[in-house]
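Numbering (the working numbering), first residue to last: 343 to 582.
This report refers to the structure that appears directly beneath it.
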């Protein structure tokens, strides 16, 4: 796929432009004269000061986020972040969270260094369905799930679930499965709070066709190119 030379990721865009303007970059043995020149990193040989470079390797990851970690690269309050889960990973390029889970929430969280892919996944209009298993502090019934699907008004927003079902009931609490096709800040917690229901645990178990499965708490794995593409394909189908 052709991309602008300055956007290949072997350095920052501004530095890449400066290298081209200084006459230090060649494409297939020919001096590059424009930073916006279209090149195919899979086919073209690109060198800087005579040394061949590789285009930024695109990486897509899924993590089983433990409870108690904040979803940020660094935290000004000194709290532990999700990046502690990657501390022992070798040969992993710098990645960023794709979406969020709050500190008290657990489960499937995506990471990538592909900003275009991340933007398409997190687009509010994407309609990608996310499924959560939620333990609540009361015994749920079908009337409650209907109210969750109907929604509540909170801070000028209508918060509702695409689907809600009771997974199991105990004497004092229940587990629900709640599906969302939009992602507002603390959506489920605010929705249930508006119904007078407390959340004991909240675990995201799937995003589109991607399922958390048996991935251990705090562990991560790379997505295949097919998995990454299928997630985008699910977006297109739901956005029609």
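Heads up, the beta-carbon is just placed ideally off N, CA and C, and yes, glycines get one too.
| query | result |
| --- | --- |
| Through-space distance from residue 452 to residue 361, alpha-carbon basis | 33 Å |
| Unbroken alpha helix (DSSP H) run spanning residue 491, endpoints | 484-492 |
| Close-in-space but distant-in-sequence residues of the same chain around residue 640 (CB under 6 Å, 5 per side omitted) | Since the displayed the chain opens at 343 and closes at 582, residue 640 lies outside it and no answer follows. |
| Check whether residue 542 and residue 530 have beta carbons under 8 Å apart | no |
| Span separating the alpha-carbon of residue 426 from that of residue 375 | 42 Å |
| Residue 419 - DSSP class collapsed to helix/strand/coil | coil |
| According to DSSP, residues forming a beta bridge with residue 478 | 516 and 541 |
| Boundaries of the alpha helix (DSSP H) in which residue 563 is found, first to last residue | Unbroken run through residue 563 is the beta strand (DSSP E), 562-564; no alpha helix (DSSP H). |
| Pairwise C-alpha distance: residue 441 and residue 505 | 21 Å |
| Residue 324 (DSSP reduced to helix, strand or coil) | Given a span of 343 to 582 for the chain in the structure shown, any question on residue 324 remains unanswerable. |
| With 16 other Cβ atoms within 10 Å as the buried cut-off, status of residue 559 | exposed |
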